[in-house]
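Let me begin by presenting the structure, written as structure tokens, before commenting on it.
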């Protein structure tokens, strides 16, 4: 069989021997640097409570929609993957995963999971239908060891900063507890994520707005109370260490409405009478308002547009959101984001990180925007694009226009805690590969490439996310 | 001059010596496998009647719009290429082709034709203005040999399955004759292609609909008879061995209308009163209906959207359709195909193969869709994208999200019978090249790559097209 | 430190040793060929007057929006880069540039400037904050030498043809003087650029139109005078040696209006009453009219669509146009350009060169259009795409459909006179790199690649631009 490929020291590095040598030496510079994760979806309570992970399926399969989706495409129903009201048991879920493993060949998830097997759990085997039960038992045994609890892994993974994603009304008590705990040395930061308070089309919007105003409106009512409450909750996040506010929108359309019009739309939405045009206008106005607040309170603004959420209604109704059928659409940034940039594109210390699932905007819109506006940073390849070839396409598409200084540094965006080291390691290897090619083509010097990779991996995320 | 490049054993394989060695060994695994061609445009009567091909121009130039278009771009009028009411003679057409040959350097058609020269006709020469007449005579001599008749080439090419593309009212007699002929061992299958019966904008739609209802409506009339007749003709195709129904649409927009509304639009169209909005809605409804019928009768559904047909009206009027000026446009799948997928995306045994001429949907829409919906398969790179670099871009764009298990296998889609081996060989070499890079980068093991290439070339088309 | 990378003989060539050897030999064929620059923004008066360039910042920084934009993105205000009503002094601008130099690593501008340093000015140093003043003095000393005047550099750069871009009412006196000057051997050609006379949305349109009609309407008034005047000015350009007319439009939308409707829109615009729909229709009509005139007078027509001009209004108001915030948008060519191609796509000797900032149209629209219509040529990668990786993506995207014969040859499009040799050299190295890969993959023969690179670099621009 030969070596388990997750153990190969040159994995993901370029095949050409000369370029590989350069890449290897660049990678060595950053291999051991601490992990900075300024955006992701790990739950702070998991770290705070430090409870053992329950079982292999609950750790690696059920909550990770990258994984469940591809098994589902192969014909396994969602309930067999641990979702829904009558989910299959963990061992059964795990068997489905092991049988489906060949479908992950060549995928980003396949690389990460193989890395986790080898480097977190010390397993040198590919999952198969035959070894499923044995692997389950081996992993279960590991998970009950004290070294595999979240806080121990946090340290073992060499994570310096981990940002979570939180509801505006979240108490952030877990964050406070971690910050107050002298036994925990890491930084776990909240992120303000107000989508469901800004987008009238969300079923919970009306209820969210009432709760928001009543909790944080400081006595003000209506639109004024709503704005005041958002500002107050952002302050609360800042006090708990937040560095950014994150916005998931269908389009990055922004607009500046006057207060009267904004209030009119707000009241239409509150009474359930806003049509699609009013809802879109209000959301665009609130994205603009979020930028204004970021300019004022210093939270870095990140925008993730272009995902058609919950594409398959029957799956959404039976199994909820984030179950693998958020499907990208084409994005227009240049015209949509312009009203925001007109007013804030050169605002002092404003940082706006733009992400995309639509690769076509990398060279066409994002690199040109980030290459002019001091506020704009190129978000790292995200979601379906957070994979080796896509990362190389990203660098190729943006570097010639925007260089290296305008990008955000790697973002893992993950719910899968144990995949964090594999994801960051993948990014470091790919950055080394891209730079190595430029060195081999005499486009940058090797000395400069060594400085650049340090900047990309370590200094960029600190600078862009104000860490 | 050195070796004729069409004879080089490493043609199309990667330049890096290490990667090439791996690619060569992967290619060897599949080089000799039989050809499975589940979608194309060869006429079944050509195989059935087994008449000699008339002459080199009629075989290689005039009917192949990939070829005529580029000669036309170089300034040669279409009638000089054998088209229209007063076409030039074959020898003259051939001379134009030979003079234009340098323009094919680097094109997909150039590779295929060079392969055909070397491997079908045993010619080791590049066409030139000087050798045009000599090549014509040499090819003409070959074409009159018994070994160069369609059935002999079918066997020589090692074709196991060849699907044709047929009008819903076609008798399929040639298919029946071939199936009944003990002297013919191949499978030649019809494909149901109803575009001109579904799209009211087609000039023949009204006439087609009347003929359809009268031929197969089983006594029913109006919209009910129309639906009944389509179902009946699909059954006829299934009985004649069809495995798929193919749909060429401008957009993949789908909608489910209730019967009353569908009937209303149908009657508007029938009386010539439907406007563009009604026509589009009806076509979208019928695409949805075709999916419903595929769920019921088991025909694999293939969709080819995004081609602006007959872009240059004067050429269309003088020389007809399929004369090289169908030009792609941007495609939106995520929202357009959603109504169909809501209802049939997880339907048992429903196979929906999605093609595109717009590369941007590979990573943005098709890989995410195929990576969730059990019904959805990624169509192989099609038409302008059925070429080495484009195939590599396809694999790079889709694999990290959807792996290898969700793609259709190679589709040659050709009218040019003698190009079939060259096209499939190109695909096999490129699949080997892509996999070899992943092996060299330690992203998959060489053992697994050997299994994958067998699956891609042989098992995938059988599985996806239910062969 | 090792060798200064701008001096490496293999710079920009592929890393693989075998491919590099082939690329090097192809590059050698064209390395010394004269420069043909059929489209750019150098001012003819600069050549005519042959005044020394004032200082390093005025030569390399302030007028080049590729350079100022990225320094601006790093936080330096535009006035500090020499723009606006109270600009910083040259030495201060130069210091900002040197401090910002690391941000140019990996960018196209970075390559060009490094090449200029090494090959125009004989400097082997990277700019830094520390050596800024010393470099400034060294460059300033060079600029005062007689060998560094524009005409001497023109000869030194081996420029054979240089096209400028000119206002329709420009006298073209500098061009006439150069043509009449026996001491100047180069060809400096004007280019007709009428955007601000065609697009009613331009603030100067009304005034331009009045001046145009009065200067060249030959007594006719209104729309008839306007058309007559445009035709007359084109004739004037042709007499002064112009070979092309260039059109910068937001979209390539074209339409043929009848004279009555065109006149109606024209008068609406003239009286300031045209709305957005009327303005767009009139511009589309005039783009069609420009094609008609090109068919008649033989000027090659070039179209550059898809740039959202002056994206940041505050910067535009303070510092004017062409200050780095023209941002691309998605383009649709297939449907938009169709009315023009219906009537002129096969017109005798009509040459239409289509450019794009939206890479997605390379394979989807431009290669298919240029692969059918004799009039259509693929414009070289332009603006944000005029860089090594983007050029390789262009060739990969278009060649398999359109071959090499349908592209325009390299276009430098530059305002930065001293960057011309570096830009053309970059293009030659990249064409050699692309062809070398095809040779190494046995897709074209080395003999043929040697002919092709000569054709691409030298014969194509002469043929396409009728030089």
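Chains as they are written, first to last, in my numbering: chain A, 1 to 467; chain B, 468 to 934; chain C, 935 to 1401.
Just so it is clear, CB atoms sit at the ideal spot from N, CA and C, and this is done for glycine as well.
Owing to the predicted nature of the structure, the values given are computational and were not obtained by experimental measurement.
Cβ neighbour criterion (16 or more within 10 Å) applied to residue i
| i | result |
| --- | --- |
| residue 939 of chain C | buried |
| residue 14 of chain A | buried |
| residue 935 of chain C | The pLDDT assigned to residue 935 of chain C is 44, lower than 50, so where the model puts this residue is not dependable; a value taken from the coordinates is nonetheless given after this. That one is exposed. |
| residue 1168 of chain C | buried |
| residue 928 of chain B | buried |
| residue 677 of chain B | exposed |
| residue 1207 of chain C | exposed |
| residue 553 of chain B | exposed |
| residue 1090 of chain C | exposed |
| residue 1203 of chain C | buried |
| residue 1002 of chain C | buried |
| residue 103 of chain A | buried |
| residue 1120 of chain C | buried |
8 angstroms Cβ cutoff met for residue i and residue j
| i | j | result |
| --- | --- | --- |
| residue 897 of chain C | residue 409 of chain A | With chain C running from 935 to 1401 in the structure shown, residue 897 of chain C is simply not present. |
| residue 1341 of chain C | residue 1311 of chain C | yes |
| residue 982 of chain C | residue 575 of chain B | no |
| residue 33 of chain A | residue 436 of chain A | no |
| residue 61 of chain A | residue 19 of chain A | no |
| residue 1018 of chain C | residue 991 of chain C | no |
| residue 1160 of chain C | residue 1189 of chain C | no |
| residue 733 of chain B | residue 690 of chain B | yes |
| residue 418 of chain A | residue 188 of chain A | no |
| residue 1349 of chain C | residue 976 of chain C | yes |
| residue 1088 of chain C | residue 986 of chain C | no |
Close beta carbons around residue i, own chain, < 8 angstroms, minus the five adjacent residues each side
| i | result |
| --- | --- |
| residue 1080 of chain C | 1086 |
| residue 1233 of chain C | 1126, 1168, 1171, 1172, 1176, 1177, 1178, 1179, 1227 |
| residue 592 of chain B | 471, 584, 598, 602 |
| residue 941 of chain C | 1052, 1058 |
Residue i - partner residues in DSSP beta bridges
| i | result |
| --- | --- |
| residue 630 of chain B | B:656 |
| residue 767 of chain B | B:711 |
| residue 1361 of chain C | Residue 1361 of chain C pairs with nothing; no bridge assigned. |
| residue 835 of chain B | Paired residues: none, contrary to the question. |
Chain-order list of residues whose beta-carbon lies under 7 angstroms from that of residue i (same chain, five-residue window excluded)
| i | result |
| --- | --- |
| residue 446 of chain A | 22, 439 |
| residue 858 of chain B | 848, 894, 897 |
| residue 402 of chain A | 367, 370, 371, 378 |
| residue 412 of chain A | 37, 40, 420, 423, 424 |
| residue 322 of chain A | 65 |
Cβ-based neighbour list, residue i, same chain, cut-off 6 angstroms, excluding 5 preceding and 5 following
| i | result |
| --- | --- |
| residue 196 of chain A | 202, 204, 208 |
| residue 855 of chain B | 479, 897 |
| residue 513 of chain B | 617 |
| residue 30 of chain A | 428, 453, 457 |
query: Can you find at least 3 beta carbon pairs, one from the region 266-277 of chain A and one from the region 211-221 of chain A, that sit closer than 8 angstroms?
result: no
query: If you pair each beta-carbon of the region 344-353 of chain A with each one of the region 306-321 of chain A, do three or more pairs fall below 8 angstroms?
result: no
query: With contact counted as at least three CB pairs below 8 angstroms, one residue from each stretch, are the region 1019-1034 of chain C and the region 915-925 of chain B in contact?
result: no
query: For the 8 angstroms Cβ check, are there 3 or more pairs between the region 966-976 of chain C and the region 1092-1109 of chain C?
result: As far as the Cβ criterion goes, the region 966-976 of chain C touches the region 1092-1109 of chain C, which means the pair count is three or higher.
message: Counting beta carbon pairs with one atom in the region 634-647 of chain B and one in the region 539-556 of chain B, are three or more of them shorter than 8 angstroms?
response: no
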